[in-house]
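Structure first, commentary second.
2 protein chains.
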Amino acid sequence: MKIGFIGLGVMGRPMANHLIAAGHELFLHRVKDVSQHLVDAGGKALESAKAVAETSEIIILMLPDTPDVEAVLFGEEGVASGLSEKKLVIDMSSISPVATKNFAQRIGKLGASYVDAPVSGGEVGAKAGSLTIMVGASETDFERALPLFQLMGQNITRIGDVGDGQTAKVVNQVIVGLTIEAVAEGLSLAKAAGADPAKVREALMGGFASSRILEVHGERMIKETFDPGFRIRLHRKDIGLAMEAAKALELYLPHSASLQQLMNKALADGLGDKDHSALIKALS
Amino acid sequence: MKIGFIGLGVMGRPMANHLIAAGHELFLHRVKDVSQHLVDAGGKALESAKAVAETSEIIILMLPDTPDVEAVLFGEEGVASGLSEKKLVIDMSSISPVATKNFAQRIGKLGASYVDAPVSGGEVGAKAGSLTIMVGASETDFERALPLFQLMGQNITRIGDVGDGQTAKVVNQVIVGLTIEAVAEGLSLAKAAGADPAKVREALMGGFASSRILEVHGERMIKETFDPGFRIRLHRKDIGLAMEAAKALELYLPHSASLQQLMNKALADGLGDKDHSALIKALS
């Protein structure tokens, strides 16, 4: 199938590679040296997002943030200007659920379809083709996109209609961030009270306090191994999306709001490019 | 062995029962109608905590809060007045780690030993003999108490010296409470944004957001089944212990402090005797 892929970053490169390896014809934009191997493998570099949209049946985006997606879709020589009926845009970036619904409406008016499908699993999951993919789409569009998702991920769920994929991703980031903060406060208390945090973590692993975060990030906190992983700076962006949604929806999320401030403090302390488990250092 | 057991509440009764069933001679105090079956099974009711301490080699306490333990230990006709050398006091209540160290010192001056061994697992775990037991004790005292712990629990860890058991329990309650709050904010956001919280929970269960709380309490939040379980009122007591420790240790625990206020709000909203998963209602 002719597939457009825009956004060849740390995540996008291995994802595009899986599609090429499966025999798809890929049309790329903004190919830099670091993504030249995709062209060597058969991908075709085009001069604009518009050209990618004109040439491809399905156009996949994997971009850093909401304004990047908006610019690639609706900017000059953007995807929208090259779309025609029955084409499908799949945004796999992690961006605003509110903006996503707006983008989908505008794409829909051109006769094309829109799916949001943010992922979790990081660079490791992207390379292994084992990403978790949270999808917002009509049932028809989901079925159409599913064979491509299966080349990139393993745990693929249609949450609901357009926007719901982005909502699920934001919820994931809220729960992950707040659970890290929970473990950080617990282990800080253990240490300050003179108990061995490693022993406490071990004793708690079997009960209701147990979580993937206590297991993985709890160990990072105890050993103080803060190489990313997932950077506090990037996680702060996602909590920002939660705060934006909370404002739009008039929703009370006191701990998410406080978490955003703790992340600001972590950045002020020079921890922005450390793993998010380093949030424990923002408490001390 | 001659064992004293003081505190025959919802937890204490089944715990004492396991000791009698294993053939130990139990000496009880404050036996009410609801604990009469322990006397029928061979337990002996005595008129004071002092008499229990005089008669028993090991004295176990399972009481509601710090002041109760202090009164039973050091009040008139209390345990301390009946202790002699080589006796062992085991406090299985969940109380202040700071006060625990003080109590242990005072008991130690009488030539007796002190172990703190709070539990988690609730009434279900107490009845099944499957409690998690977090122990603060010298190695010698731990070895001496272990056969009794094995009659009441399964996951038994010596965290460290006296007080460390209580610290681990408080840390457990902090992490559990804050993880409940994390899941509550996440699922509230999902619902407000129009995504199906059940679908979101399902999609998140495989990844870093996964926890026992997302699994068990997340489902309670979605189905709005808030029968305890563990009451918000009791959990608030434990977060109060964390706040007391934070004050004594000059420790910054912003989310625990905020959780305490959310629990106050839940009580103001009449939710004090609901399961702690009902904290999600304090957000709306």
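Which chain is which? The protein sequence lines are A and B, in order. The opening position of the first sequence corresponds to residue 1 in our numbering, with each subsequent residue numbered one higher. The opening position of the second sequence corresponds to residue 1 in our numbering, with each subsequent residue numbered one higher. Glycine included, each C-beta is placed from N, C-alpha and C at the ideal position.
May I ask which residues mark the beginning and end of the beta strand (DSSP E) holding A/D91? Reading the first sequence from its first residue, position 91 is the one you call residue 91 of chain A. Run containing A/D91: 88–91, per the beta strand (DSSP E) assignment.
B/L267 versus B/L8: straight-line alpha-carbon distance, rounded: Along the second sequence, one-based indexing puts residue 267 of chain B at 267. Along the second sequence, one-based indexing puts residue 8 of chain B at 8. Taking the straight line joining both Cα atoms gives about 27 angstroms.
Name the chain B residues whose beta carbon is nearer than 7 angstroms to that of A/Y252? By 1-based counting over the first sequence, the position of residue 252 of chain A is 252. Result: L283.
If the criterion is Cβ atoms closer than 9 angstroms, does the pair B/M152 and B/I180 meet it? For the purposes of this step, residue 152 of chain B is taken as residue 152 along the second sequence, with counting starting at 1. For the purposes of this step, residue 180 of chain B is taken as residue 180 along the second sequence, with counting starting at 1. Taking 9 angstroms as the Cβ cut-off, B/M152 and B/I180 do not qualify as a contacting pair.
Within a Cβ cutoff of 8 angstroms, which residues of the same chain sit near A/F149, ignoring the five residues on either side of it in sequence? Numbered from its first residue, the first sequence carries residue 149 of chain A at position 149. Closer than 8 angstroms at the Cβ level, and outside the excluded window around A/F149, lie A117, I133, V135, I156.
For A/R158, does the three-state DSSP call read helix, strand or coil? Locating residue 158 of chain A in the first sequence gives position 158, counting from the first residue. In the structure shown, A/R158 sits in a strand (DSSP, three-state: E or B).
Give the residues of chain B in contact with A/E219, contact being defined as C-beta atoms less than 9 angstroms apart. Reading the first sequence from its first residue, position 219 is the one you call residue 219 of chain A. The premise fails here: A/E219 is roughly 13 angstroms from chain B at the closest Cβ pair, so nothing lies under 9 angstroms.
Partners in chain C for A/L189, counting only beta-carbon separations shorter than 9 angstroms: Chain labels in this structure do not include chain C; the protein chains are A and B.
List the residues of chain A that B/S210 touches, going by C-beta distances under 8 angstroms, in chain order. Here residue 210 of chain B refers to the residue found at position 210 of the second sequence. Residues of chain A passing the Cβ test: S211, R212.
Here's a check: name, in chain order, each residue in its chain whose Cβ is nearer than 6 angstroms to the Cβ of A/G44, leaving out the five neighbours to either side. Taking the first sequence and counting its residues from 1, one reaches residue 44 of chain A at position 44. It should be pointed out that residue 44 of chain A corresponds to Lys in this sequence rather than to Gly. Within the same chain, A/K44 has close Cβ partners F27.
Applying the criterion that 16 or more other CB atoms from any shown protein chain within 10 Å of the CB defines a buried residue, is A/D161 buried or exposed? Within the first sequence, numbered from 1, the residue matching residue 161 of chain A stands at position 161. Looking at its Cβ environment, which holds 16 or more other Cβ atoms inside 10 Å, A/D161 is buried.
Please report how far the alpha carbon of B/K199 lies from the alpha carbon of B/Q154, in whole angstroms. By 1-based counting over the second sequence, the position of residue 199 of chain B is 199. By 1-based counting over the second sequence, the position of residue 154 of chain B is 154. If I take the Cα positions, the gap works out to 34 angstroms.
On the criterion of 16 or more Cβ atoms from any shown chain inside 10 Å, does B/A245 qualify as buried, or is it exposed? Translated into positions along the second sequence, residue 245 of chain B becomes position 245. Under this definition B/A245 is a buried residue.
For a cutoff of 9 angstroms on Cβ pairs, would you count B/I293 as touching chain A? One cannot answer for residue 293 of chain B here, as it falls past the ends of chain B, which runs 1 to 284.
Can you give me the C-alpha to C-alpha distance between B/D269 and B/K281, rounded to a whole angstrom? Your numbering for residue 269 of chain B matches position 269 in the second sequence. Your numbering for residue 281 of chain B matches position 281 in the second sequence. Taking the Cα positions, B/D269 is about 9 angstroms away from B/K281.
Can you check whether the CB of A/I20 is closer than 9 angstroms to the CB of A/A49? Here residue 49 of chain A is taken as the residue at index 49 of the first sequence, counted from 1. Here residue 20 of chain A is taken as the residue at index 20 of the first sequence, counted from 1. When the beta-carbon positions are compared, A/A49 and A/I20 stay at least 9 angstroms from each other.
Which of the three DSSP states is assigned to B/L46 in this structure? For the purposes of this step, residue 46 of chain B is taken as the residue at position 46 of the second sequence. DSSP places B/L46 in strand when its eight states are reduced to three.
Indicate, with yes or no, if the ligand SAH has a heavy atom lying under 8 angstroms from the CB of B/H276. As for the ligand SAH, it is missing from this structure, which has no ligand bound.
Any idea which residues DSSP pairs A/M134 with across the strands? Here residue 134 of chain A corresponds to residue number 134 of the first sequence, with the count starting at 1. Answer is A/T157.
So, with DSSP's three-state summary, where would you put B/G4? Here the question's residue 4 of chain B lines up with position 4 in the second sequence. Strand, per DSSP.
Element boundaries [beta strand (DSSP E), containing B/H29]: Along the second sequence, one-based indexing puts residue 29 of chain B at 29. Element bounds for B/H29: 25–29.
Can you list the residues of chain A that B/T66 reaches, using a CB-CB cut of under 7 angstroms? If you number the second sequence from 1, residue 66 of chain B lands on position 66. Those within 7 angstroms of B/T66 in chain A number zero; the least Cβ separation is about 15 angstroms.
Less than 9 angstroms between CB atoms is the rule here; does A/K120 satisfy it with respect to chain B? Along the first sequence, one-based indexing puts residue 120 of chain A at 120. What sits at residue 120 of chain A in the sequence shown is Ser, not Lys. Yes - at least one Cβ of chain B is within 9 angstroms of the one on A/S120.
Verify the CB distance criterion: does A/E139 have a CB-CB separation below 9 angstroms to chain B? In the first sequence, counting from the first residue as 1, residue 139 of chain A sits at position 139. With a threshold of 9 angstroms between beta carbons, A/E139 makes no contact with chain B.
At a CB-CB cut-off below 7 angstroms, which residues of chain B make contact with A/A193? Your numbering for residue 193 of chain A matches position 193 in the first sequence. Within 7 angstroms of the CB of A/A193, the CB atoms of chain B belong to P97, T167, A245, L249, in sequence order along the chain.
Test item: CB-CB of B/I95 and B/Q166 under 9 angstroms: Counting from 1 along the second sequence, the entry for residue 95 of chain B is found at position 95. Counting from 1 along the second sequence, the entry for residue 166 of chain B is found at position 166. B/I95 is a Cβ neighbour of B/Q166, given a cutoff of 9 angstroms.
Secondary structure of A/L52, DSSP reduced to three states: Counting from one through the first sequence, the residue named residue 52 of chain A turns up at place 52. Leu is not the amino acid found at residue 52 of chain A; the sequence shown has Val there. Look at A/V52 here: in three-state DSSP terms it is helix.
Local Cβ density within 10 Å of B/G23, reported as buried at 16 or more and exposed below that: For the purposes of this step, residue 23 of chain B is taken as the residue at position 23 of the second sequence. Exposed.
May I have the straight-line CA-CA distance separating A/T55 from B/E219, to the nearest angstrom? The residue given as residue 55 of chain A occupies position 55 in the first sequence. The residue given as residue 219 of chain B occupies position 219 in the second sequence. In this structure, the straight-line span from the alpha carbon of A/T55 to that of B/E219 is close to 46 angstroms.
Comparing C-alpha positions only, which one of A/D238, A/M62, A/L253, A/A137 sits nearest to A/A16? Locating residue 16 of chain A in the first sequence gives position 16, where the first residue counts as 1. Closest in alpha carbon position to A/A16, among A/D238, A/M62, A/L253, A/A137, is A/M62.
Do A/I60 and A/A53 have their CB atoms nearer than 9 angstroms? Locating residue 60 of chain A in the first sequence gives position 60, counting from the first residue. Locating residue 53 of chain A in the first sequence gives position 53, counting from the first residue. In this structure, A/A53 does not lie closer than 9 angstroms to A/I60 by Cβ.
Around the C-beta of A/M1, are 16 or more other C-beta atoms found within 10 angstroms, so that it is buried, or is it exposed? For the purposes of this step, residue 1 of chain A is taken as residue 1 along the first sequence, with counting starting at 1. A/M1 should be labelled exposed.
Whose Cβ in chain A lies nearer than 9 angstroms to the Cβ of B/L287? An answer regarding residue 287 of chain B cannot be provided, because it is not within the stretch 1 to 284 covered by chain B.
Please list, in chain order, all residues of the same chain as A/G206 whose beta carbon is under 8 angstroms from its beta carbon, the five residues on each side excluded. As a first step, residue 206 of chain A must be located in the first sequence, where it is residue number 206. There are no such residues.
Give me the residue from B/D196, B/I159, B/A51, B/P147 with the minimum Cα distance to B/S138. Taking the first residue of the second sequence as position 1, residue 138 of chain B is located at position 138. Ranking B/D196, B/I159, B/A51, B/P147 by Cα distance to B/S138 puts B/I159 first.
Does the beta-carbon of A/H37 have 16 or more other beta-carbons within 10 angstroms, so that it is buried, or is it exposed? Along the first sequence, one-based indexing puts residue 37 of chain A at 37. With fewer than 16 other Cβ atoms inside 10 Å of its own Cβ, A/H37 counts as exposed.
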